[in-house]
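Residue numbers (the working numbering): 11 to 524.
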């Protein structure tokens, strides 16, 4: 690209960011002081990412200048410096200056902000950037303190208690064991508790199989019709006639009746992490009739996850069970994971309850596990930034089912970029070294995946019989990757999430201030 055109186009982007400063200042008025500058940088980044920046990289690199690929954390100062250097190369000594005073974040300050925010969330004192290791505790850890001690000695920094399993009797024993391990070993293991959220699942299946033996699953196949119901049922199998015509439909209940209300005719319904796919063909007040369109498993079991990637529905992220558990969480947790958060309204609702328990100081991690949450991520972050201590988890299991497995790599990178722009720590989660944790032998692919986790501020492992091998391996991977750099470069095509956020947040604010 010709130097004059390159300079003009980047100058126009710079001036647009400068013109937005008044709207930015209005948006961040209620942001917590810890995050006010980070929120501005996030909004500037969203403006930047409404442009396709790929055409500038090669020309800037040829001139020995920054190619914008690593500007997430310090958008304005980086772009301003690039334009200034282009002007100098062109022989122009005076750069156009904005009449508005703009507070800047430079490269060093951006790293420092992210480090401070990470240290505050994980309650640590670290001088350099590296990823902590979080591990999900099995229920056995309530009775066996040595399980926690071994994990801590192998490199676990944060113990995750999943409130979807067990009761507060189990959770309290886990807390006591974690504290005892810390006292015994000198470790400072932090306690992370995951709220369950409105997880859509099949209900218990209890049917009689061959020879009167009980079964907790039903056989299914492509083309078959089944009934998904909010009625109480133990399940029912399909029956077929002599010509293989279906004469009775299988029936499966759901744990959350609201799921039936959320599904509309034509919606896609996925079971068991997308292993079974169906489409809604008819509906009554209590039932949805589904046609099975794809099966990678031939059986549908009890308490399997259900995803609705094409459905539009409004459901509070905080369930009655979550609200009941919040006093316990507020008393014993260092960090709370907010499952199935969908919007800024969900964020505000959680903090309303935390304030009621004098627990606003608690670290809050927004788990991004639905397509809706991903699209609303900028708004979720800005609402969270009104409070002092936040992070984001890329919950890749449900998220991959929602957005499609082909897109999960792209989506997880976009989340990393946006959170880096917000100087907000990220937890890299779901199936990290899963084969190693379960069988003792890692796959090559999961080793590569774990190394990508070094871009985050925390990597989460799930439980398994070989979990200590997995912790030790992950720690070695993270130590090795730490010496290779901080974050990474990207091509920077225009992002639709950035355009949507700019339209929703900044353009509306600009109109209201004129």
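By construction, the Cβ of each residue, glycine as well, lies at the ideal position given by its N, Cα and C atoms.
With distance defined between alpha-carbon atoms, name the residue in the options nearest to residue i.
| i | options | result |
| --- | --- | --- |
| residue 328 | 342, 322, 349 and 312 | 349 |
| residue 144 | 438, 453, 514 and 291 | 438 |
| residue 464 | 136, 82, 80 and 140 | 140 |
| residue 433 | 440, 411 and 395 | 395 |
| residue 422 | 457, 246, 380 and 313 | 380 |
| residue 344 | 243, 46, 355 and 129 | 129 |
| residue 427 | 384, 447 and 71 | 384 |
| residue 470 | 425, 167 and 116 | 167 |
| residue 119 | 467, 431 and 441 | 431 |
| residue 261 | 273, 312 and 455 | 312 |
| residue 456 | 443, 112, 77 and 34 | 443 |
| residue 46 | 397, 474, 491 and 75 | 397 |
| residue 298 | 273, 282, 503 and 318 | 273 |
| residue 224 | 244, 76, 362 and 88 | 244 |
| residue 37 | 49, 43 and 44 | 49 |
| residue 176 | 512, 131 and 331 | 331 |
| residue 511 | 218, 41 and 52 | 52 |
| residue 126 | 403, 476 and 399 | 399 |
| residue 475 | 413, 308 and 157 | 157 |
| residue 492 | 370, 429 and 466 | 466 |
| residue 413 | 193, 283 and 458 | 283 |
Considering only residues of the same chain and omitting the five flanking positions on each side of residue i, which have a CB-CB separation below 7 Å?
| i | result |
| --- | --- |
| residue 90 | 24 |
| residue 605 | The chain is shown only over 11 to 524; residue 605 falls outside these bounds and no answer can be derived. |
| residue 321 | 272, 273, 274 and 277 |
Throw me the rounded Cβ distance for the residue i and residue j pair, which I believe falls under 8 Å.
| i | j | result |
| --- | --- | --- |
| residue 310 | residue 230 | 5 Å |
| residue 79 | residue 95 | About 16 Å separates the two Cβ atoms, so there is no contact after all. |
| residue 99 | residue 63 | Actually they do not touch by this definition, with Cβ atoms about 19 Å apart. |
| residue 2 | residue 226 | Since the first residue shown for the chain is 11 and the last is 524, residue 2 is missing from the structure and cannot be characterised. |
| residue 519 | residue 33 | 4 Å |
| residue 401 | residue 435 | 4 Å |
| residue 204 | residue 173 | 6 Å |
| residue 405 | residue 377 | 5 Å |
| residue 275 | residue 293 | 6 Å |
| residue 29 | residue 504 | With a Cβ gap of about 19 Å, residue 29 and residue 504 do not count as contacting. |
| residue 162 | residue 212 | The Cβ separation is near 36 Å, so there is no contact. |
| residue 77 | residue 16 | Contact flag wrong, Cβ pair sits at about 12 Å. |
Does DSSP classify residue i as helix, strand or coil?
| i | result |
| --- | --- |
| residue 253 | coil |
| residue 311 | strand |
| residue 344 | coil |
| residue 146 | strand |
| residue 202 | strand |
| residue 168 | strand |
| residue 281 | strand |
| residue 6 | An answer regarding residue 6 cannot be provided, because it is not within the stretch 11 to 524 covered by the chain. |
| residue 212 | strand |
| residue 223 | coil |
| residue 469 | strand |
| residue 298 | strand |
| residue 317 | strand |
| residue 339 | helix |
| residue 229 | strand |
| residue 120 | helix |
| residue 411 | helix |
| residue 373 | strand |
| residue 434 | coil |
| residue 401 | strand |
| residue 525 | The chain is shown from 11 up to 524; residue 525 falls before or after that span and cannot be answered. |
| residue 98 | helix |
| residue 244 | coil |
| residue 32 | helix |
| residue 383 | helix |
Quick one: residues in its chain with C-beta nearer than 8 Å to the C-beta of residue i, no 5 flanking neighbours on either side, listed in chain order?
| i | result |
| --- | --- |
| residue 451 | 445 |
| residue 300 | 235, 236, 237, 238, 279, 288, 289, 290 and 291 |
| residue 359 | 326, 327 and 328 |
| residue 26 | 57 |
| residue 318 | 210, 269, 272, 273, 277, 278, 279 and 280 |
| residue 110 | 28, 31 and 32 |
| residue 20 | 66, 89, 92, 93 and 96 |
| residue 249 | 256, 257 and 258 |
In chain order, what residues of the same chain lie with their CB nearer than 6 Å to the CB of residue i, ignoring the 5 residues before and after it?
| i | result |
| --- | --- |
| residue 487 | 460 and 461 |
| residue 7 | Within the shown structure, residues of the chain are numbered from 11 to 524, placing residue 7 beyond reach of any answer. |
| residue 170 | 144, 146 and 202 |
| residue 164 | 478, 481 and 482 |
| residue 453 | 445 |
Quiz item: Taking one C-beta from the stretch 170-182 and one from the stretch 474-486 each time, how about it: are there three or more such pairs within less than 8 Å?
Solution: At 8 Å Cβ cutoff, the stretches do not touch.
Quiz item: Would you call the stretch 377-394 and the stretch 260-268 in contact, with 3 or more CB pairs under 8 Å?
Solution: No: fewer than three Cβ pairs fall under 8 Å.
Quiz item: Looking at C-beta atoms only, is the number of pairs between the stretch 166-180 and the stretch 147-154 that lie closer than 8 Å three or more?
Solution: Yes: the two stretches touch, three or more of their Cβ pairs being nearer than 8 Å.
Exercise. Spell out a yes or no on whether the stretch 314-330 and the stretch 352-372 are touching, meaning 3 or more CB-CB pairs, one atom from each, closer than 8 Å.
Key: Touching, yes, given that three or more Cβ pairs across the two stretches are closer than 8 Å.
Quiz item: Is the stretch 359-379 in contact with the stretch 329-344, if contact means three or more CB pairs nearer than 8 Å?
Solution: The stretch 359-379 vs the stretch 329-344: in contact.
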